[in-house]
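Each protein sequence line maps, in turn, to chains A and B. Under my numbering, the residue at position 119 of the first sequence is numbered 119, and the numbers go up by one with no gaps. Heads up, my numbering is the position in the second sequence plus 440, with the first residue counted as 1. Down below is the structure, laid out as structure tokens.
There are 2 protein chains.
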Amino acid sequence: MRTYIKDLELKKGEEVIIKGWIDIRRDQGKLIFFDFRDMTGKVQGVVLPGSLAKETAEKTRPEWVVEVKGKVNERPEKNRQADKQNGNIELEILEVTILSQAQEVPFDMDAEINLETHFDYLPFTLRSEKTKDVFKLQATIVEEYRESLRRQNFTEFQAPAMVGGDAEGGAAVFKVEYFDHKAFLATSPQFYKQIMVGAFEKAFTVAKIFRAEKSMTTRHLSELTQMDFEMGFIKDHLDVMAVLENVIRDVVNISVEKHKDIFEKNAVPFPKVGKKFPIFTLLEAQEIIEKEFGGKAVGELDMEPEHERQICEYALREFDCDFVFITHFPTKKRAFYSYADETNPELSKSFDLIFRGLEINSGSQRIHDYNELIAKMKSRGLDEKKFSFYLQAFKYGMPPHGGCSTGLERLTMKMLNLPNVRYASAFPRDMNRIDNLLSE
Amino acid sequence: MRTYIKDLELKKGEEVIIKGWIDIRRDQGKLIFFDFRDMTGKVQGVVLPGSLAKETAEKTRPEWVVEVKGKVNERPEKNRQADKQNGNIELEILEVTILSQAQEVPFDMDAEINLETHFDYLPFTLRSEKTKDVFKLQATIVEEYRESLRRQNFTEFQAPAMVGGDAEGGAAVFKVEYFDHKAFLATSPQFYKQIMVGAFEKAFTVAKIFRAEKSMTTRHLSELTQMDFEMGFIKDHLDVMAVLENVIRDVVNISVEKHKDIFEKNAVPFPKVGKKFPIFTLLEAQEIIEKEFGGKAVGELDMEPEHERQICEYALREFDCDFVFITHFPTKKRAFYSYADETNPELSKSFDLIFRGLEINSGSQRIHDYNELIAKMKSRGLDEKKFSFYLQAFKYGMPPHGGCSTGLERLTMKMLNLPNVRYASAFPRDMNRIDNLLSE
Numbered sequence: 001m002r003t004y005i006k007d008l009e010l011k012k013g014e015e016v017i018i019k020g021w022i023d024i025r026r027d028q029g030k031l032i033f034f035d036f037r038d039m040t041g042k043v044q045g046v047v048l049p050g051s052l053a054k055e056t057a058e059k060t061r062p063e064w065v066v067e068v069k070g071k072v073n074e075r076p077e078k079n080r081q082a083d084k085q086n087g088n089i090e091l092e093i094l095e096v097t098i099l100s101q102a103q104e105v106p107f108d109m110d111a112e113i114n115l116e117t118h119f120d121y122l123p124f125t126l127r128s129e130k131t132k133d134v135f136k137l138q139a140t141i142v143e144e145y146r147e148s149l150r151r152q153n154f155t156e157f158q159a160p161a162m163v164g165g166d167a168e169g170g171a172a173v174f175k176v177e178y179f180d181h182k183a184f185l186a187t188s189p190q191f192y193k194q195i196m197v198g199a200f201e202k203a204f205t206v207a208k209i210f211r212a213e214k215s216m217t218t219r220h221l222s223e224l225t226q227m228d229f230e231m232g233f234i235k236d237h238l239d240v241m242a243v244l245e246n247v248i249r250d251v252v253n254i255s256v257e258k259h260k261d262i263f264e265k266n267a268v269p270f271p272k273v274g275k276k277f278p279i280f281t282l283l284e285a286q287e288i289i290e291k292e293f294g295g296k297a298v299g300e301l302d303m304e305p306e307h308e309r310q311i312c313e314y315a316l317r318e319f320d321c322d323f324v325f326i327t328h329f330p331t332k333k334r335a336f337y338s339y340a341d342e343t344n345p346e347l348s349k350s351f352d353l354i355f356r357g358l359e360i361n362s363g364s365q366r367i368h369d370y371n372e373l374i375a376k377m378k379s380r381g382l383d384e385k386k387f388s389f390y391l392q393a394f395k396y397g398m399p400p401h402g403g404c405s406t407g408l409e410r411l412t413m414k415m416l417n418l419p420n421v422r423y424a425s426a427f428p429r430d431m432n433r434i435d436n437l438l439s440e
Numbered sequence: 441m442r443t444y445i446k447d448l449e450l451k452k453g454e455e456v457i458i459k460g461w462i463d464i465r466r467d468q469g470k471l472i473f474f475d476f477r478d479m480t481g482k483v484q485g486v487v488l489p490g491s492l493a494k495e496t497a498e499k500t501r502p503e504w505v506v507e508v509k510g511k512v513n514e515r516p517e518k519n520r521q522a523d524k525q526n527g528n529i530e531l532e533i534l535e536v537t538i539l540s541q542a543q544e545v546p547f548d549m550d551a552e553i554n555l556e557t558h559f560d561y562l563p564f565t566l567r568s569e570k571t572k573d574v575f576k577l578q579a580t581i582v583e584e585y586r587e588s589l590r591r592q593n594f595t596e597f598q599a600p601a602m603v604g605g606d607a608e609g610g611a612a613v614f615k616v617e618y619f620d621h622k623a624f625l626a627t628s629p630q631f632y633k634q635i636m637v638g639a640f641e642k643a644f645t646v647a648k649i650f651r652a653e654k655s656m657t658t659r660h661l662s663e664l665t666q667m668d669f670e671m672g673f674i675k676d677h678l679d680v681m682a683v684l685e686n687v688i689r690d691v692v693n694i695s696v697e698k699h700k701d702i703f704e705k706n707a708v709p710f711p712k713v714g715k716k717f718p719i720f721t722l723l724e725a726q727e728i729i730e731k732e733f734g735g736k737a738v739g740e741l742d743m744e745p746e747h748e749r750q751i752c753e754y755a756l757r758e759f760d761c762d763f764v765f766i767t768h769f770p771t772k773k774r775a776f777y778s779y780a781d782e783t784n785p786e787l788s789k790s791f792d793l794i795f796r797g798l799e800i801n802s803g804s805q806r807i808h809d810y811n812e813l814i815a816k817m818k819s820r821g822l823d824e825k826k827f828s829f830y831l832q833a834f835k836y837g838m839p840p841h842g843g844c845s846t847g848l849e850r851l852t853m854k855m856l857n858l859p860n861v862r863y864a865s866a867f868p869r870d871m872n873r874i875d876n877l878l879s880e
């Protein structure tokens, strides 16, 4: 019967069997020390002189997979490490069975390595505590995103990845050879979640989307995970923002509750959510930036990365909040389905959510009137015939609605202040890399 | 303040505001009757003679989106419909505000229509109760699949959809123009979940996969949702099957608990899970089929669809169970990473799970030894260089492990005995259709 390493401290004085990887081996002549690792943590083991396990133990190396029979001993007072998992016990190794061998590892698992090396050796580097922690946190984020929306009566659906047209005509799109036809990879589940408002009123999806932009910045990926929701019968974009704020608060609270240790190990403060996320129009934000940080901002049609950082700095100082909503982006800069503000149609009922200096979410109220949508498409030079499937939703009666998308990798990245969004994707794809570097 | 339609019976005698779609309008001269629909259900409304709402009410048609102010009246005894939602109340309509108009609907929403028409008008047909029920159930299936695995200590991860090679060389694969390179759409998250065993031991993903088979059967889709898990430190395939059985039992139990009404409306019996899912080797199953149903089965290398139906019929009769495990498929018929049985290497430690006559899951123990895996790839004519990323996981020590994949759409289909798997995909893709029929 296997004992998980996290449960060893409950078994003091007992004989147990653990299974896992050899994390570290230190041969000190008479004594051989090991750190063993399983999915629940690490423990130190020691082969004492004369142990029957000695011969096998001497053969083993890091990353060999073993089954170990041992006795859980309390460490002498002077050897205890109070702040470390299993720091007050040690496994006296009685028997080692080799389950699987490993070749020499390319570098020490916890070594500081550069980004390219990290991804070249991903099946190995994914095993490091630092990397695993990122994806443990990510699993919690996506789980709680869904849970929070379910509590708010949203229904999950599966959005398609392959689409028939380069619908929005904006983002660069990947082409697929689809039998004797051309298809495309979705740049957003937008149309499908709007269609789902007709069925469920409140719908969400966690979907892969694909961006063929020739960009190698620290914030772009070719394939990413988007967490999208869309809801009907809203008054305006503020209703959408309220749901999103609930979701983000839930995600942050649960992440901190479950993974306090991960934030601490990464020396990253818990995300601050303030009493309420501050909301500024783009113009208000720009005025604040000019006043507080100097330079020129008013008149820009979007937020520069530098301005995103500055408005977050301001919000943290004034509102004790790492999140800021920016609303009312110029209508012409947003997607055709964005709803113009009745009081000034040049501006849209749109918003971005910025977290620690990075836009992690974008949303808006949408046009719900069929004729208005057609007129808008024409004014943008879009061919309505190519949108006939999507337009059915509006032809057959669509309530006022809106929604937004959160980038899972960007949110993960900023939670832990990772230097590059690639570190927040388990298997990142970019212009130069799909698993391996692309060569031919 | 909006009242949801499901809560109206708590508001007898009160004035309320509901929002939703006009489901049906019946103009009876003096009286105009409506069925209104929102995300929580339906209710009958009536415009009485002399009502101020009359003029607006007369303009409206099915699928118009409205806000209705009304009074919740108890129906007279003779008009009550005990078995219907809100069958004992009626909304006396006081005011109707039109939120959104609709064009004439193409056909009655609950009409029996053929498959092609259903998908031609999907943004409309998704609104029918019958269709919504399918995707409500599907949302529960996928949620509980995840929940059950989390309770069993699995960690979720996001598997990639774009891959660098046509890895397994088996299933037909879609090509993607990837910047100046070629990429492919994943036919399975197999390699990635195996890599994740190295990190988390127990990992799962719900991933889109893509199959370019030129197949138009009732059980094939070009894009589908696969629910995959993989686990380390197993003894053999039976450990994987035990976890899967737990998951399926949880999914069935929660589905029945939450959606009793959907099974009843569809006149489909609740899936039977017996005391334990019966397990037969392929040979045993074939012998049973020959004995019980006649004909020839022994010697076939896989289960014919007809035989899958027969073994399920047998399992239901003898074990009161709609699920049957079949194990020990010929090694040469399974993927290269399948683990051969030590007692007879011609047969693999593999299994399928058949549900109501259809294979919904396939899995196995996997080869975990690096050298054995290389040898197996060579014997299959696979170029190990193309697998260098994947092979790192094995180079650096991999425990005995195994896993399996469940097709979400197939499981949904069989839960409700739908005649075609397309009905279990919200936005199905096949050779001829991506939303619209493909023309050019």
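For each residue, glycine too, the CB sits at the ideal point set by N, CA and C. No experiment lies behind these values; they were computed from the predicted model shown.
Checklist entry - Smallest Cα separation from residue 396(A): which of 841(B), 498(B), 453(B), 505(B)? => result 505(B)
Next on the checklist: Ignoring anything shorter than 3 residues, give me the beta strand (DSSP E) runs that lie fully in the region 168-228 of chain A, in order along the chain.
Outcome noted: With a minimum length of 3 residues, the continuous beta strand (DSSP E) runs that stay inside the region 168-228 of chain A are 175-178, 181-185, 202-210.
Next on the checklist: Within the continuous alpha helix (DSSP H) that includes residue 262(A), where are the two ends?
Outcome noted: 237-265
Item to check | Range of the contiguous alpha helix (DSSP H) that encloses residue 879(B) | outcome: Taken as a continuous stretch (DSSP letters only), residue 879(B) belongs to no alpha helix (DSSP H), as it is neither H nor E.
Checklist entry - Thinking just about the alpha-carbon of each residue, which of 23(A), 379(A), 351(A), 251(A) is nearest to the one in residue 104(A)? => result When only C-alpha atoms are compared, the closest one is 23(A).
Item to check | Residue-chain proximity (residue 706(B), chain A), Cβ-Cβ < 8 Å | outcome: no
Next on the checklist: Between which two residues does the beta strand (DSSP E) holding residue 312(A) run?
Outcome noted: Note, residue 312(A): premise wrong, no beta strand (DSSP E); alpha helix (DSSP H) at 305-319.
Checklist entry - How would you list, in chain order, the residues of chain A whose beta-carbon sits under 7 Å from the beta-carbon of residue 854(B)? => result None at all; the shortest Cβ gap to chain A is about 17 Å.
Next on the checklist: If you follow the alpha helix (DSSP H) that residue 425(A) is in, where does it begin and where does it stop?
Outcome noted: Residue 425(A) -> no alpha helix (DSSP H), and no H or E assigned at all.
Item to check | Beta-ladder partner(s) of residue 39(A), from DSSP | outcome: DSSP, once it has assigned bridges, lists no residue as partnering residue 39(A).
Next on the checklist: Are the CB atoms of residue 89(A) and residue 57(A) within a distance shorter than 8 Å?
Outcome noted: no
Checklist entry - Tell me which same chain residues have a C-beta within less than 7 Å of the C-beta of residue 801(B), skipping the five on either side of it? => result 684, 792, 793, 844, 845, 846
Checklist entry - Going by DSSP, what residues sit across from residue 44(A) in a beta bridge? => result 35(A)
Item to check | Where residue 416(A) falls: helix, strand or coil (DSSP) | outcome: For residue 416(A), the three-state secondary structure derived from DSSP is coil.
Item to check | Residue nearest to residue 181(A) in terms of C-alpha spacing, selected from 187(A), 198(A), 162(A) | outcome: 162(A)
Item to check | Whether residue 667(B) touches residue 582(B) by CB criterion (8 Å) | outcome: Residue 582(B) sits close to residue 667(B), with the two beta carbons spaced by under 8 Å.
Checklist entry - Taking the continuous beta strand (DSSP E) assigned at residue 347(A), which residues delimit it? => result In the DSSP assignment, residue 347(A) falls within the beta strand (DSSP E) that extends over 344-348.
Checklist entry - Cβ atoms of residue 40(A) and residue 67(A): under 8 Å apart, would you say? => result no
Next on the checklist: Can you pull the chain B neighbours of residue 225(A), defined as C-beta to C-beta under 7 Å?
Outcome noted: 598
Item to check | Check: residue 37(A) C-beta below 7 Å from any heavy atom of the ligand COA | outcome: No copy of the ligand COA appears in this structure; indeed no ligand is present at all.
Checklist entry - How is the beta strand (DSSP E) around residue 73(A) delimited, first residue to last? => result 65-74
Checklist entry - The alpha helix (DSSP H) with residue 334(A) in it runs from where to where? => result From DSSP, residue 334(A) is part of no alpha helix (DSSP H); its letter is neither H nor E.
Checklist entry - Mind checking if residue 436(A) is an interface residue toward chain B, Cβ cutoff 8 Å exclusive? => result yes
Checklist entry - Taking all protein chains shown into account, do 16 or more other C-beta atoms lie within 10 angstroms of the C-beta of residue 110(A), making it buried, or fewer, making it exposed? => result exposed
Checklist entry - Of all the options 125(A), 75(A), 55(A), which has the alpha carbon lying nearest to the alpha carbon of residue 833(B)? => result 125(A)
Next on the checklist: Mapping the DSSP letters down to three states, classify residue 543(B) as helix, strand or coil.
Outcome noted: coil
Next on the checklist: Applying the 10 Å Cβ sphere with the 16-neighbour rule, what's the burial state of residue 480(A)?
Outcome noted: Residue 480(A) falls outside the range modelled here, since chain A spans only 1 to 440, and no answer is possible.
Checklist entry - DSSP three-state call for residue 117(A): helix, strand or coil? => result helix
Checklist entry - So is residue 155(A) in contact with chain B if we call contact Cβ pairs under 8 Å? => result yes
Next on the checklist: In the DSSP output, which residue or residues are listed as bridge partners for residue 764(B)?
Outcome noted: Looking at the DSSP assignment, residue 764(B) forms a beta bridge with 794(B).
Checklist entry - Going along chain A in order, which residues have a C-beta closer than 7 Å to the C-beta of residue 639(B)? => result 126, 127, 132
Next on the checklist: At the level of alpha carbons, what is the spacing between residue 429(A) and residue 3(A)?
Outcome noted: Distance between the alpha carbons of residue 429(A) and residue 3(A) is about 38 Å.
Item to check | Distance, residue 488(B) Cα to residue 382(A) Cα | outcome: 46 Å
Next on the checklist: Just to check my reading of the structure: residue 165(A) and residue 386(A) have Cβ atoms closer than 8 Å, yes? What is that Cβ distance to the nearest angstrom?
Outcome noted: Right, the Cβ-Cβ distance comes to about 5 Å (below 8 Å), so this counts as a contact.
Checklist entry - Using a beta-carbon distance cut-off of less than 8 Å, what residues from the region 324-345 of chain A approach chain B? => result none
Checklist entry - Under 7 Å Cβ-Cβ, which residues of chain B neighbour residue 216(A)? => result Correct list: empty, because the minimum Cβ distance to chain B is about 11 Å.
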